[in-house]
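Notes follow once the structure below has been shown.
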Amino acid sequence: MAVFILATLFCINLIFALNVKYAGMDTKAILTVFGNTLEQGPDGSFLNPEMILDHILSAIAIAIFFVSLFLSLFSVSSVYPDMIKQGYVDMLISKPLSRSSVFFQRFGGAMTGVFINIFYIIIFSWLILSLKFEIWSMSFLASGFVILLFFYNIFSMMIMISMFVKNPVVALLSTYFLVFIISPIIAAVERFGGSEGSFRSIISGFLNGVLPKVSDAVIFINAFHTGKDVSANIPIAAFLSGTMFLAVSLYVFKKTDF
Amino acid sequence: MYAVESNGFTKHYSGGKIKALSDFCIKIEKGTVFSLLGPNGAGKTTLIKLMLSIAIPTSGEGFILGKKTTDRSSRMSVGYLSENHRFPGFLNAEQVLWYYGKMSGVLSTDLKKRIPVLLKKFNLEEKRKLKTVKYSKGMLQRLGTAQALINDPEVIFLDEPTDGIDPVGRIEIREILLELKERGKTIFINSHLLSEVERISDEIAILKEGRMIKKGRTSDFLESTGEYNIRVEDSKQEIFFNILNSLNIKFAPHKHSASVKINDITELNSVIDSLRDEDILIKGVEEIKGSLEDFFIKIIR
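Protein chains in written order, with the numbering used here: chain A, 7 to 264; chain B, 42 to 342.
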């Protein structure tokens, strides 16, 4: 519910904060953001309505990614720790259901909730921007699926942490720490290089390969809107990493004595 | 085919350092009320968890209504009340029963009929719309028991069913269990309330440190104290006590009877003969048995 309220406030804000005026696609556009008028780009060139829209959509998609990721992880953080609490999990498992179905029912429920939240804000802001610009960009709608894919990756990691720590607060904080602090540091270390073959570089390489990378998500979402070339390995890696976390979590859940 | 069967169920934790249950074998006939007794940590809850595949056995196997416990269809006709059960606090009683009923594979049409009946039976009718987060311990216990019956199970596992319930509620639960027993259901109870167990159980087993130390019919656990309560006609009370004194028999006089301590059944018969020789009308002779609690304390210590 809190996510819905925040999403609605964000969209209402968008209605009043952002305005654009232009005569045609090849004409000069004037952008107004929170009352500040912008007539030229940083290089002094005139603003092109289509270009403005691409950049705005990209920025909004990235903002939605971070906000929805942060809030969605918060809202689903207790789903698995609550499920595996004594007195609750045993009642579930005692039913004629397999442990896998109990596990995936929860997963499906959480993902559906987050899907609704993400697409609520995506569709709402897409409608506002499209009506204002009179340009209907379908790539913005598709970015909802990209956000959902990266959420899948991070949520799966949080489930795995929950299976071991059994505490929603610890699981959530550990996830935030790994995704927003450790992962960018590891990515930077990998980018700028280290001593090849050393123990540190092996660990760093492993973590870089396994941990969900928000920087990759930003690159992908941005490229998605601005039409830049981007490697298909980014979403594939996110999917595989998420599936690996999920498989480990399921294995632990199936083998645990409750 | 037995309702519940366990062949050498063993559960060790920490690489065998903690032996929660060792080589537990049991066969429970259909329609039996079976109670498992034992001090805390004896392995009672572990056994139920192994039977329902909530915990994975180190060795051994179990069967419910002839199906292996590892087969999830064995749980189709099972109801279970966990010791410290909890429900999602945002659900009310009706929703809890609906949710758990659906998970048990009960059809919606059946649930619509069963839920009001169970809510009424467990005195939760008035609070059916109240969220369970606001329920007292006793109400949660009643709801938990109702939940265990939502699929009209053939075998019911109840872990401390009367825990936290007031005496009146306890009597109500006991009556429900007796009614289920009459309907031929098999009931497996873990309880600390020995007086309750004594009243409703057909069979009892005692666990200590993961091992079964005694099993038998409930009557086997109610030991003879070697005392009999003899009731005679009121007008002959005085003569009755004099005869007992003359026979040198220890007794405790009561208003209309006396508790007589005898060595064997022959001595009891000679007392009866002496009383009849004096034309005393005997209204009743009852063996005084020790309680299950007495037996339990003796065997556990």
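The beta carbon of each residue, even a glycine, is placed where N, CA and C say it ideally should be.
Cβ-based neighbour list, Tyr-176/B, same chain, cut-off 6 Å, excluding 5 preceding and 5 following: none
Which class does Thr-266/B belong to by DSSP, given the choice of helix, strand or coil? strand
Following a CB-centred definition, is Glu-102/B positioned closer than 7 Å to any heavy atom of the ligand FAD? The ligand FAD is not among the ligands present in this structure, which contains no ligands whatsoever.
Taking Cβ-Cβ distances shorter than 7 Å, what residues in chain A pair up with Ala-96/B? Asp-263, Phe-264
Determine, using beta-carbon pairs with one atom in the stretch 63-74 of chain B and one in the stretch 221-241 of chain B, whether at least three such pairs fall under 8 Å. yes
Taking C-beta pairs closer than 8 Å, name the residues in chain B that Ile-99/A reaches, listed in chain order. Here the neighbours are Leu-93, Ser-94, Ile-95.
Three-state secondary structure assigned by DSSP to Asn-310/B: Three-state DSSP puts Asn-310/B in a helix.
So, for Phe-125/A: in the same chain, excluding its five sequence neighbours on each side, which residues have a beta-carbon less than 6 Å away from its beta-carbon? Taken in chain order, the residues that qualify are Gly-150.
Taking only runs that begin and end inside the stretch 148-187 of chain A, name each unbroken alpha helix (DSSP H) of 4 or more residues, in chain order. As summarised for the stretch 148-187 of chain A, the continuous alpha helix (DSSP H) elements at least 4 residues long and confined to that stretch are 174-183, given in chain order.
So which residues on chain B does Pro-87/A lean against when the C-beta distance must stay under 8 Å? Ordered by position in chain B, no residue passes the 8 Å Cβ test against Pro-87/A, which lies about 13 Å from the chain.
Could you work out which residues of chain A lie near Arg-116/B, taking near to mean beta carbons separated by less than 7 Å? Ser-100, Lys-101, Pro-102
Could you confirm whether any beta carbon from chain A is found closer than 8 Å to the beta carbon of His-297/B? Not one chain A Cβ lies under 8 Å of His-297/B.
Based on the DSSP output, what are the partners of Ala-246/B in its beta bridges? Leu-77/B, Lys-256/B
Just to confirm my understanding: we take Lys-219/A, look at its own chain, exclude 5 residues before and 5 after, and list those with CB closer than 7 Å. What are they? Ser-189, Ala-193
Reduced DSSP secondary structure (H/G/I, E/B, other) of Gly-84/B: Of the three classes helix, strand and coil, the one that applies to Gly-84/B here is coil, per DSSP.
Using three-state DSSP, classify Lys-60/B as helix, strand or coil. strand
Mind checking who Thr-227/B pairs with in its DSSP beta bridge? Val-196/B
Just the C-alpha distance for Asn-239/A and Ala-67/A, rounded to the nearest angstrom, thanks. 20 Å
Hey, how far is the Cα of Val-196/B from the Cα of Thr-203/B? 18 Å
Can you tell me which residues form a DSSP beta bridge with Gly-120/B? Ile-197/B
Which value, in whole angstroms, describes the spacing of the CA atoms of His-233/B and Met-250/A? Their Cα atoms are separated by approximately 45 Å.
Against chain A, does Gly-79/B count as a neighbour if the rule is that its beta carbon must be under 8 Å from one of theirs? no
Proximity of Phe-163/B and Glu-264/B at Cβ, strictly below 8 Å: Contact: no.
What distance in whole Å lies between the Cβ atoms of Tyr-94/A and Arg-127/B, which are believed to be in contact at a cut-off of 8 Å? 5 Å
Below 8 Å, can you find three or more Cβ-Cβ pairs linking the stretch 110-117 of chain B to the stretch 86-97 of chain B? yes
Cβ-based burial, Tyr-54/B [other Cβ within 10 Å; buried from 16]: exposed
From Glu-106/B to Leu-246/A, what distance separates their C-alpha atoms? It is worth fixing the name first, because residue 106/B is Leu in this sequence and not Glu. Roughly 42 Å between the two C-alpha positions.
Mind checking who Ile-67/B pairs with in its DSSP beta bridge? Ser-47/B
Nearest to Ile-340/B (by Cα), restricted to the options Tyr-121/B, Phe-262/B, Val-301/B: With respect to the C-alpha of Ile-340/B, the residue from Tyr-121/B, Phe-262/B, Val-301/B having the closest C-alpha is Phe-262/B.
Exposed or buried, what is Ile-127/A when buried is set at 16 or more other beta-carbons lying within 10 Å of its beta-carbon? buried
From which residue to which residue does the beta strand (DSSP E) around Gly-103/B run? Membership of Gly-103/B in the beta strand (DSSP E) is indicated by the continuous run 100-105.
If we count the other Cβ atoms within 10 Å of its Cβ and call it buried at 16 or more, is Trp-142/A buried or exposed? exposed
Pro-102/A and Gly-146/B - do their beta-carbons sit closer together than 8 Å? yes
Is any beta-carbon of chain B found at less than 8 Å from that of Lys-91/A? yes
Ala-223/A: buried (16+ other C-beta within 10 angstroms of its C-beta) or exposed? The residue is buried, with at least 16 neighbouring Cβ atoms inside 10 Å.
Any C-beta of chain A within less than 8 Å: which residues of the stretch 130-157 of chain B qualify? Tyr-141, Met-144, Ser-145, Gly-146
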